[in-house]
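In order, the protein sequence lines correspond to chains A and B. Be aware that the first sequence starts at 4, since it is given in the numbering used here, and climbs by one per residue. Be aware that the second sequence starts at 3, since it is given in the numbering used here, and climbs by one per residue. All C-beta atoms, glycine included, are put in the ideal place defined by N, C-alpha and C. What follows is a set of notes on a single structure, which appears directly below.
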Amino acid sequence: MELLDVTLVNWSRAQFALTAMYHWIFVPLTLGVGIIMAIMETIYYKTGDEKWKTATKFWMTIFGINFAMGVATGIILEFQFGTNWSNYSWFVGDIFGAPLAIEGIFAFFMEATFISIMFFGWKKVSKRFHMISTWLVMVGATLSALWILVANAWMQYPIGMEFNPDTVRNEMVDFWAILLSPIAINKFFHTVLSGWVLGGLFVVGVSSWFLLKRRDVDFALKSIKVGAIFGLVSTLLIIWTGDGSAYHVSQKQPMKLAVMEGLYEGSEQANLIALGVLNPAKKSYNDTINPFLFKLDVPIPGLLSFLGYRDFNAFVPGIKDIVDGGYKSPEGIAMSFAEKQTRGKKAIQALSDYRTAKVNNDTINASLYKAELVDNYSHFGYGYLEKPEDLIPNVPLVFYSFHIMVMLGMYFLAIFALVLFLLYRKKIENSRLVLWVALLSIPLGYIAGQVGWIVAEVGRQPWAIQDILPVQAAISSISADSVKLTFFLFLFLFTALLFAEIRIMVKQIKKGPEAE
Amino acid sequence: MKKSNIFNKLYIFYRDGFSNMTVGKTLWLIVIIKLFIMFAILKVFFFPNLLNSTYDTKEEKSEHVRHELINKAK
């Protein structure tokens with residue numbers, strides 16, 4: 004039975020990860036290229052230069068291909084909530100439902116309305132109205148991302164709700180606390196900016212291809228300039244929001260931070276690791292084996308302490324500290340895993356006893372059990388964990404993903420700056436090596452986005468909702484084989500879509516801007 | 003009279019837009035096939051809403067989830 008549960012949990016997680024990762028292939032390019040085409044159209048509106056119109060239309064077609072391929076791929080995630088994650092879906096109640104409903108009603112219809120004007124309206128509406136429509140498409144697309152990211156941020160930092168033991172649902176009591184949670188705001192900007200960086204890389208890379216081919220040079224130079232400026236600004240901003248992410252993770256999800264840095268034993272004045280190779284011989288959080296075969300710290304003492312707590316001397320807890328407790332955290336002295344587990348079990352028992360008391364019309368005991376449930380609810384999920392190891396995410400996956408993401412961020416900064424420098428010196432057309440590097444950097448933008456989500460999502464395991472609901476309690480009791488079957492169906496469907504996208508897009512790029 | 007004029011303009015706008023599409027025609031075909039697979043096959047045959055398809059009332063659904071949450075902790 005236990006083995007079956009583990010299999011079911013893993014396949015359900017794998018299926019969700021697969022669909023989310025494929026979905027995130029399409030979305031960021033929509034967000035990034037969309038803004039670039041809107042900027043180009045604004046330049047066209049301001050200057051009246053038809054070449055900017057040609058460039059806008061070219062990138063708009065690329066946007067359209069990507070949008071069409073990606074549209075509705077996120078809906079599959081919602082299918083999975085109802086089938087594979089029914090306990091979770093019921094448990095989160097309207098907190099998840101409300102943002103998704105707003106997304107459907109407001110943002111999606113906003114996109115749908117103005118996208119037709121954007122594609123069909125070139126000669127039908129005024130230049131000004133067309134440009135506004137293009138921007139409104141992007142406002143709609145970005146707002147779509149806002150609502151789903153608010154829902155995701157709530158799972159990382161659940162606030163603004165109360166648990167109702169009668170309905171077994173978390174009920175929203177403060178919409179604004181959920182919408183304006185610092186985690187949600189930072190997550191929104193960090194995620195959208197990752198799409199903007201990809202958009203910049205994509206436009207710079209494709210423009211580089213035209214320059215390498217010595218085709219449509221004027222169009223390529225215009226595009227590479229906008230793409231590189233946009234990419235550079237976006238990369239600088241994403242470094243800033245990344246710092247915000249690190250700070251919030253330290254405060255609210257210290258285990259995630261410890262795993263991101265492979266930090267088993269905490270310390271004051273903790274250093275940030277620039278590069279490292281984990282030691283595969285380390286099997287347990289409390290053995291004495293060195294977790295690293297090799298590591299190189301950033302040469303600023305206490306940088307991790309500063310990033311996490313805005314104090315170079317602050318104590319950063321490691322995995323072992325978080326399990327053992329007893330250190331000073333932002334909420335006071337940290338509880339151990341065993342203490343949290345006891346509180347979690349009390350909360351679950353109180354939920355059960357409350358129900359029994361209610362059925363027996365025993366109102367006095369019902370209110371006592373309810374009070375006990377409320378007291379211990381913040382650790383409800385720990386009641387499902389058997390041992391400290393259950394609390395620890397996959398260290399190598401999160402550690403390497405985090406460091407790949409950071410290194411790629413630095414690389415993007417360098418490549419955008421280099422392209423802009425060569426543009427300024429009017430040498431970009433003849434810098435074939437740089438053009439090739441820019442072209443080959445396009446996939447790196449996708450990789451950075453994917454590893455970013457791995458850090459965010461694998462790094463918070465075992466939680467579906469931080470501290471309140473682990474994945475094994477969130478899943479439906481269904482057959483693992485049915486989840487396995489749909490996993491492969493999705494794998495086939497999404498791979499076919501991806502190949503179709505690449506084929507259509509490459510064909511369209513080869514046609515060039517004059518095809519518009 | 004004015005209303006029908008607006009609808010007529012809208013009809014012409016979309017008619018011309020769709021008929022002048024180039025790569026858009028292929029994209030629409032892919033979107034329609036994709037939506038058909040998602041909603042007419044995957045949703046119907048593989049992704050029932052477990053609680054809605056098994057229980058009628060909110061009380062029954064909450065009772066089921068309560069039972070699940072308590073039993074999974076044992």
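Q: Could you tell me which of A:Arg358, A:Pro283, A:Asp290 and A:Phe497 sits nearest to phenylalanine 297 of chain A, measuring between CA atoms?
A: A:Pro283
Q: Mind checking the segment 25 to 40 of chain B against chain A and listing, in chain order, the residues whose C-beta falls within less than 8 Å of any C-beta there?
A: If the cut-off is 8 Å between Cβ atoms, the segment 25 to 40 of chain B has Val25, Gly26, Thr28, Leu29, Trp30, Ile32, Val33, Lys36, Leu37, Ile39 and Met40 near chain A.
Q: Consider the Cβ of methionine 72 of chain A: report whether some Cβ of chain B lies at a distance smaller than 9 Å.
A: Under the Cβ criterion of 9 Å, methionine 72 of chain A is counted among the residues facing chain B.
Q | Closest residue to alanine 41 of chain A among A:Gln272, A:Gly85, A:Ala187 and A:Ser226 (Cα-Cα distance) | A | A:Ser226
**Q.** Assigned exposure category for methionine 413 of chain A - 16 Cβ within 10 Å defines buried
**A.** exposed
Q) Quick one: which chain B residues come within Cβ less than 7 Å of asparagine 90 of chain A? A) Val67, Glu70 and Leu71
Q.
According to DSSP, methionine 175 of chain A sits in a beta bridge with which residue or residues?
A. A:Met164
Q) According to DSSP, is leucine 443 of chain A helix, strand or coil? A) helix
Q. Using the rule of at least 16 other Cβ atoms within 10 Å of the residue's Cβ for burial, across every protein chain shown, is aspartate 18 of chain B buried or exposed?
A. Exposed.
Q: My understanding is that glycine 269 of chain A touches phenylalanine 318 of chain A, with C-beta atoms under 8 Å, so please give their C-beta distance in whole angstroms.
A: 6 Å
(Q) Would you say aspartate 58 of chain B lies against chain A (beta-carbon separation less than 9 Å)? (A) no
Q. Okay, do the segment 445 to 453 of chain A and the segment 410 to 425 of chain A touch, 3+ Cβ pairs below 8 Å being the bar?
A. yes
**Q.** Whole-number beta carbon distance between leucine 103 of chain A and phenylalanine 19 of chain A, since they are thought to touch under 8 Å
**A.** So it is not a contact: roughly 15 Å between Cβ atoms.
Q: Kindly list, in the order they appear in chain B, the residues whose Cβ is closer than 8 Å to that of isoleucine 351 of chain A.
A: Leu71, Ile72 and Ala75
Q: Please confirm if methionine 4 of chain A has its CB atom under 9 Å from at least one CB of chain B.
A: Caution is warranted here: a pLDDT of 43 is assigned to methionine 4 of chain A, below 50, making its placement in the model unreliable, and no coordinate value can be reported.
Q) What number of angstroms, rounded off, separates the C-alpha of lysine 429 of chain A from the C-alpha of leucine 224 of chain A? A) 10 Å
Q) Within 10 angstroms of its Cβ, does proline 257 of chain A collect 16 or more other Cβ (buried), or is it exposed? A) Flag for proline 257 of chain A reads buried.
**Q.** Within 9 Å, strictly: CB atoms of glycine 462 of chain A and lysine 228 of chain A
**A.** Cβ atoms of glycine 462 of chain A and lysine 228 of chain A: not closer than 9 Å.
Q) Count the other CB atoms within 10 Å of the CB of asparagine 73 of chain B; is the residue buried (16 or more) or exposed (fewer)? A) Asparagine 73 of chain B comes out exposed.
(Q) Closest to leucine 149 of chain A by C-alpha separation, out of A:Ile478, A:Asn167 and A:His193, would be which residue? (A) A:His193
(Q) On the DSSP letters alone, give me the boundaries of the alpha helix (DSSP H) that phenylalanine 297 of chain A sits inside. (A) That residue, phenylalanine 297 of chain A, is in no alpha helix (DSSP H); its beta strand (DSSP E) goes 295 to 300.
Q: State the start and end residues of the unbroken alpha helix (DSSP H) segment that holds tryptophan 93 of chain A.
A: 89 to 95
Q: Please check the pair phenylalanine 222 of chain A and alanine 441 of chain A, which I expect to be a contact at CB under 8 Å, by giving their CB distance rounded to whole angstroms.
A: No, phenylalanine 222 of chain A and alanine 441 of chain A are not in contact; Cβ-Cβ is about 16 Å, not under 8 Å.
Q | Any chain B beta carbon closer than 9 Å to glutamine 464 of chain A | A | no
Q) With C-beta atoms as the reference, is methionine 158 of chain A less than 9 Å away from methionine 175 of chain A? A) no
Q: Decide if arginine 313 of chain A is buried, meaning its Cβ has at least 16 other Cβ atoms within 10 Å, or exposed.
A: exposed
Q) Under a three-way DSSP split, which group does leucine 183 of chain A fall into? A) coil
Q. Roughly how many angstroms separate the alpha carbons of leucine 423 of chain A and tryptophan 212 of chain A, rounded to a whole number?
A. 16 Å
Q. Near glutamate 1 of chain A, what residues of its chain come up, given a Cβ to Cβ distance below 8 Å and the 5 sequence neighbours on each side ignored?
A. Nothing can be reported for residue 1 of chain A: it is not among the residues displayed for chain A, which extend from 4 to 519.
Q) Hey, does asparagine 54 of chain B have any beta-carbon neighbour from chain A nearer than 9 Å? A) yes
Q: Output the boundary residues of the beta strand (DSSP E) element that contains glycine 2 of chain A.
A: For chain A, the structure presents residues 4 to 519; residue 2 of chain A sits outside this window and is missing.
Q: Could you tell me whether the Cβ of valine 280 of chain A comes closer than 9 Å to any Cβ of chain B?
A: no
**Q.** Three-way DSSP call (helix, strand, coil) for glutamate 81 of chain A in this model
**A.** helix
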